[in-house]
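Trainee: To start, I am sharing the structure in question, which I have written as structure tokens.
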Amino acid sequence: MKTATPIRRSKPAMRNSGVSRYLVGGVNSPVRAFHHVGGSPLLLAKSSSAFVSEGHRRYVDFIMGWGALILGHNSPSVVAALRKRLSRGILLGLTHEAEATLARLIAESFPSVEQVRFTVSGTEACMTAIKLARACTGRPKVLMFEGCYHGHSDAPMAGHTAGIPVGVSRETVAIPFNDVSALEGALHRWAGELACVIVEPVAANMGVIPPAADFLSTLRTLTRRHGILLIFDEVVTGFRVALGGAQQLYAIKADLTVFGKIIGGGLPIGAVGGPASLMQRLAPLGDVYHGGTFAGHPLAMAAGAATLQELKRRLPYRTLEGLSQRLAEGLWTASTEAGIPVQINRVGSMLSLFFSETPVTQAAEVQANNRERFARWAVGLRQRGILIPPSPFEALFVSTAHTEQHITALIKASKQIMQRS
Ligand SMILES: *Cc1c(COP(=O)(O)O)cnc(C)c1O
């Protein structure tokens, strides 16, 4: 759940003073400031496999580039691909072959995708998908779900940041995630005005919240009935919950799909994909403008293609499932033994632990999370050399660089912290 409201201002540590002097809040993305849990921001220097380091202090990392690094830090195949690319030029300024390679790798795994347009961020890809939906339908409104994040452009951030004109905010409708009757109500009221419904098929930005049994299929049926485009924001779930993302896992085809994170192998990226009939509304063939100096950047294409090729070759999803299941069970045992009520939401290798007595199925229920307990857990883990996202609204990510040993360390440290809470 992204919000512009600062929760708590922590005093910047002395060693970080240069950082806070020249960077707003000492960061370039708010969650890195640790305001949700307290403590000073880390100033990292290095990363490798399952670890990140600040000076000589090494942490087992479960942030994993906010989900981008499914192969862990500096995966050898990605590093090799980047080296090779570097030796042949950094930015070519015109189209190069790896753009088509990465587009093909994506389309091969997503039956709903025939063509792809690359952007530099997930934000930009969501923005472009929404613009495309508005052009294709000739309708203005966007329906989204409370607590879902689709980047920080105006339409999906309406109500969550200053600086958006009322006229723009009015075109965004937000309803609770997993609530079919709210969905029916919204469609009853606005169907003729809605260009698209955009959804994270597994919510990952209010903690992990899986879709309820019929939620996505109902969404598919109703949007089709009303001629509304269904946009799956698979920036997190794409190549994460399965090679074919949430669309494979839940056997649903979106009209447009947004990608990011994993498909860049650790470099900045985003993409929109869909059938040629919709995609060809984009310039230069169509009348919807999108362009970018760095769109399809050779380094991002190289790292992304190396990542997807390795995922296709290794198919690590069973292994990731096994490790993540062990993690969920271990955390459950640790909290139960400590007498602390928790909810653990998990889909494959994305997991959230809420300090809450009741199931968490939508944004309003995330509020029941005991923020102090969460902060104590996150800070306690950091003191024990383990990093989880410093916010109850983000997911822990298990990567192929994690081993049983790292999972056990997280469980053991959690047990100690919870016993003392
Ligand atoms: C991270 C994220 C985005 C935005 O991607 P950026 O590359 O950070 O702009 C969009 N949607 C979802 C679901 C995300 O998790």
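Sequential numbering of the sequence shown, starting at 1132, is according to the working numbering. All C-beta atoms in this analysis are idealised placements derived from N, C-alpha and C, irrespective of residue type, glycine included.
Measuring straight from C-alpha to C-alpha, what distance separates A1135 and H1283?
Mentor: In a straight line, the C-alpha of A1135 is about 10 Å away from that of H1283.
Trainee: With C-beta atoms as the reference, is A1176 less than 8 Å away from E1185?
Mentor: Their beta carbons are under 8 Å apart, which means A1176 touches E1185 by this criterion.
Trainee: Can V1367 be considered in contact with ligand 1, in the sense that its beta carbon sits closer than 7 Å to one or more heavy atoms?
Mentor: Checking every heavy atom of ligand 1 against the Cβ of V1367, one is found closer than 7 Å.
Trainee: Can a CB atom of chain B be found closer than 8 Å to the CB of G1375?
Mentor: Here chain B cannot be found, since the structure has a single protein chain.
Trainee: Indicate, with yes or no, if ligand 1 has a heavy atom lying under 7 Å from the CB of S1252.
Mentor: Checking every heavy atom of ligand 1 against the Cβ of S1252, one is found closer than 7 Å.
Trainee: With a floor of 4 residues, list each alpha helix (DSSP H) that falls wholly inside the stretch 1360–1390, ordered by position along the chain.
Mentor: You should have 1376–1380.
Trainee: With respect to the alpha helix (DSSP H) encompassing A1234, which residues constitute its N-terminal and C-terminal limits?
Mentor: Counting along the chain, the alpha helix (DSSP H) containing A1234 begins and ends at E1228 to S1240.
Trainee: Looking at C-alpha atoms only, which residue of D1364, L1512, E1525 and H1319 is the closest neighbour of R1356?
Mentor: Comparing Cα positions, the closest option is H1319.
Trainee: Apart from the five residues on each side of it in sequence, which residues of its chain come closer than 8 Å, Cβ to Cβ, to I1538?
Mentor: Within the same chain, I1538 has close Cβ partners L1454, R1457, L1458, G1461 and V1529.
Trainee: Apart from the five residues just before and just after C1267, which ones in its own chain have a Cβ nearer than 7 Å to its Cβ?
Mentor: The answer, listed in chain order, is L1360, L1409 and R1412.
Trainee: Could you please give me the residues that DSSP links to E1185 through a beta bridge?
Mentor: Per DSSP, R1188.
Trainee: Under the three-state reduction of DSSP, which class applies to K1133: helix, strand or coil?
Mentor: The answer is coil: DSSP assigns K1133 none of H, G, I, E or B.
Trainee: So C1257 is in the beta strand (DSSP E); what residue range does that whole segment cover?
Mentor: Note, C1257: premise wrong, no beta strand (DSSP E); alpha helix (DSSP H) at G1253 to T1268.
Trainee: State the CB to CB distance for the pair A1426 and V1251, rounded to an integer number of angstroms; the pair is presumed to be in contact (CB under 8 Å).
Mentor: Indeed, because the Cβ distance is near 6 Å, the residues count as touching under 8 Å.
Trainee: Looking at C-alpha atoms only, which residue of I1475, V1473, M1432 and R1477 is the closest neighbour of I1221?
Mentor: Of the candidates I1475, V1473, M1432 and R1477, the one whose C-alpha sits nearest the C-alpha of I1221 is M1432.
Trainee: Report buried or exposed for L1225, applying the criterion of at least 16 other Cβ atoms within 10 angstroms of its Cβ.
Mentor: Its Cβ having fewer than 16 others within 10 Å, L1225 is exposed.
Trainee: Measuring only from the beta carbon, is Y1381 closer than 7 Å to any heavy atom that is part of ligand 2?
Mentor: As far as ligands go, the structure on display features ligand 1 and does not contain ligand 2.
Trainee: On the CB-based measure, 16 or more other CB atoms within 10 Å of its CB, does A1382 come out buried or exposed?
Mentor: So A1382 counts as exposed.
Trainee: Can you find the residues in the same chain that come closer than 6 Å, C-beta to C-beta, to T1292, ignoring five residues on each side of it along the sequence?
Mentor: Once the five neighbours on either side are set aside, the close Cβ partners of T1292 are A1135.
Trainee: Evaluate the contact criterion for the stretch 1362–1369 versus the stretch 1290–1308: three or more CB pairs, one atom per stretch, below 8 Å.
Mentor: Segments in contact, no.
Trainee: In three-state DSSP terms, what is F1528?
Mentor: Three-state DSSP puts F1528 in a strand.
Trainee: Have a look at the DSSP bridge pairing and note the partners of K1392.
Mentor: Partner(s): none; K1392 has no beta bridge.
Trainee: Rounded to a whole number of angstroms, what is the C-alpha to C-alpha distance between P1447 and T1531?
Mentor: The straight-line gap from Cα to Cα measures roughly 7 Å.
Trainee: Would you say I1393 and T1438 are within 8 Å of each other, going by their C-beta atoms?
Mentor: In this structure, T1438 lies closer than 8 Å to I1393 by Cβ.
Trainee: Leaving out five residues on either side along the sequence, give the residues of the same chain with a beta carbon under 6 Å from the beta carbon of M1258.
Mentor: Once the five neighbours on either side are set aside, the close Cβ partners of M1258 are S1284.
Trainee: Jot down the residue ranges of each uninterrupted alpha helix (DSSP H) in the stretch 1424–1476, minimum 4 residues, whole runs only, in chain order.
Mentor: The stretch 1424–1476 contains these whole alpha helix (DSSP H) runs: 1429–1445 and 1448–1468.
Trainee: List the whole-angstrom C-beta distance separating L1213 from L1442, where the pair is believed to meet the contact cut-off of C-beta under 8 Å.
Mentor: Their Cβ separation, rounded to whole angstroms, is 17 Å, which puts L1213 and L1442 out of contact at 8 Å.
Trainee: Got a sec? Which residues, its chain only, sit under 7 Å from G1395 by beta carbon, not counting five neighbours each side?
Mentor: Excluding positions up to five away in sequence, the list reads A1199, A1431, A1434 and G1435.
Trainee: Please classify D1345 as buried or exposed, where buried requires at least 16 neighbouring CB atoms within 10 angstroms.
Mentor: Burial call: exposed.
Trainee: Where do the ends of the alpha helix (DSSP H) carrying Q1550 lie?
Mentor: Note, Q1550: alpha helix (DSSP H), E1535 to Q1550.
Trainee: If I follow the unbroken beta strand (DSSP E) through R1248, where does it start and stop?
Mentor: Residues Q1246 to T1250.
Trainee: What are the start and end residues of each continuous alpha helix (DSSP H) run of 4 or more residues lying completely inside the stretch 1282–1326, in chain order?
Mentor: As far as the stretch 1282–1326 is concerned, its whole alpha helix (DSSP H) runs of at least 4 residues are 1285–1288, 1297–1300 and 1311–1321.
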